[in-house]
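Below is one structure, written out as structure tokens; the observations come after it.
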Amino acid sequence: MKDNIKTEKRINKKLLYAVAIILIALIYAVGSASGLWGEDPGVTLGVDADTDGFAVHYIDVGQGDCSLVVCNGKTLLIDGGENEHETKVINYLRSLKIEKLDYIIATHPHTDHIGGLPEVLSEFGADKIIMPRISKELTPTNSTYTALLKAIKASGAKAIPACVGQTYELGGAVFEILAPISYDADNLNNFSVVTRLTYGGKSFLFTGDAETKEEAEIIAGGAQLKSDVIKVGHHGSKTSSSKKFLEAVMPEICIIMCGEDNDYGHPHESVLKRIANYTDRIYRTDICGDIVIRSDGTELSVEYENQ
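For the sequence shown, the positions run 96 to 402 when the numbering used here is used.
Okay, structure coming up:
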């Protein structure tokens, strides 16, 4: 009789435990759906920078560019959006447990690309920052560019002029500088640092705001452009992504970084039609929010915030 009572108590405890687990799961689900737990942008898409693996994060900074590559604990940040988005970028990097950046590429000195970098540098620092070499006559005098130069000096980062053909290792990945080749005195977009990164058998192209003139120079220079993923030039502007350039790249996946209902009409309908001749896998930050592409060097997988 006593043995039966003990068995019954053990069964009751197991039932109570099971019911408690179910209730906790239901409470968490309801809380998440109602926003009770608050938001933690980037965490659900994140990869801790100190773990093995490879991911490219296309961070939604509205009408601007900001991409982060994480490869086996090493990091490369390409641009930082407008200065109004610096908090978003900083919080995103924190969510990945990044303490210091290995490389920063400031593709060209327009505020929608470099505006957030001074604060990012102040927060995390960097070993090296790669920028286009700009003559004194063409150096911007706006406060944003001045703030970036001051932040670089204060951080102790080594400033490196972008040199075509130079390659850098990144935790098992390699990235190469493809441009700028020449400098268009009338258009800073054609100063853009264009970078091709490879990890295993997969490749990623980052184009800044390069327009058709710079695209043509890259093609004429004979650089390897074939890439599985391209960050589409100049937010999908009709002045970029020429037919010849897309033919050389032959992308499997296209990422367009632009702001929702932006005043520029980006991405332009003609560009979307041109891209559609090569792939239907087009992801836009104005629609998808933050976008993450992971790879094992053989396959690619895409996640995005606004599923």
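Think of the CB as a built atom: it goes at the ideal place given N, C-alpha and C, for glycine as much as any other residue. Remember, predicted model here, so these are calculated numbers, not experimental data.
In this structure Thr307 does not touch Ser277 by the C-beta definition: roughly 14 Å separates them, more than the 8 Å allowed. Tyr240 sits in a helix when the DSSP states are folded into three classes. The residue among Asp281, Pro213 and Phe301 with its C-alpha nearest the C-alpha of Thr290 is Phe301. Three or more beta-carbon pairs drawn from the segment 205-223 and the segment 238-248 are found closer than 8 Å, and the two stretches are therefore classed as touching. Contact annotation: Leu341 and Tyr373 have beta-carbon atoms nearer than 8 Å.
Residue ranges of uninterrupted beta strand (DSSP E) with 3 or more members, entirely inside the segment 326-363 and ordered along the chain, are 348-351.
Under the 10 Å beta carbon count, Ser396 is surrounded by fewer than 16 other beta carbons and is classified as exposed.
Proximity of the segment 214-233 to the segment 177-190 meets the contact definition, three or more beta-carbon pairs being nearer than 8 Å. Counting C-beta pairs closer than 8 Å gives three or more between the segment 262-273 and the segment 166-174, which meets the contact rule.
Judged by beta-carbon spacing, Leu283 lies beyond the 8 Å limit of His363, meaning their Cβ atoms are not closer than that value.
Contact between Met226 and Ala257 holds: their C-beta atoms lie close to 6 Å from each other, under 8 Å. Across the structure, Asp197 and Asn401 are spaced so that their CA atoms are roughly 29 Å apart. Counting along the chain, no alpha helix (DSSP H) covers Val165; the unbroken beta strand (DSSP E) around it starts and ends at Ser162 to Cys166. CA-CA distance, His361 to Gly354, rounds to 8 Å.
Rounded to whole angstroms, the gap between the alpha carbons of Leu233 and Ala280 is 7 Å. Contact annotation: Ile382 and Ile350 have beta-carbon atoms that are not nearer than 8 Å.
Tyr294 counts as buried, since no fewer than 16 other beta carbons sit within 10 angstroms of its beta carbon. According to the DSSP assignment, Tyr294 belongs to the beta strand (DSSP E) that extends over Val289 to Tyr294. Looking at the backbone, the Cα of Gly316 and that of Val288 are separated by about 15 Å. Linking Glu194 to Glu312 through their CA atoms gives a straight-line distance of about 37 Å.
In the three-state scheme derived from DSSP, where H, G and I count as helix and E and B as strand, Val151 is classed as strand. In its chain, beyond the 5 residues on either side, Glu310, Ala311 and Ile314 have a beta carbon closer than 8 Å to the beta carbon of Lys339.
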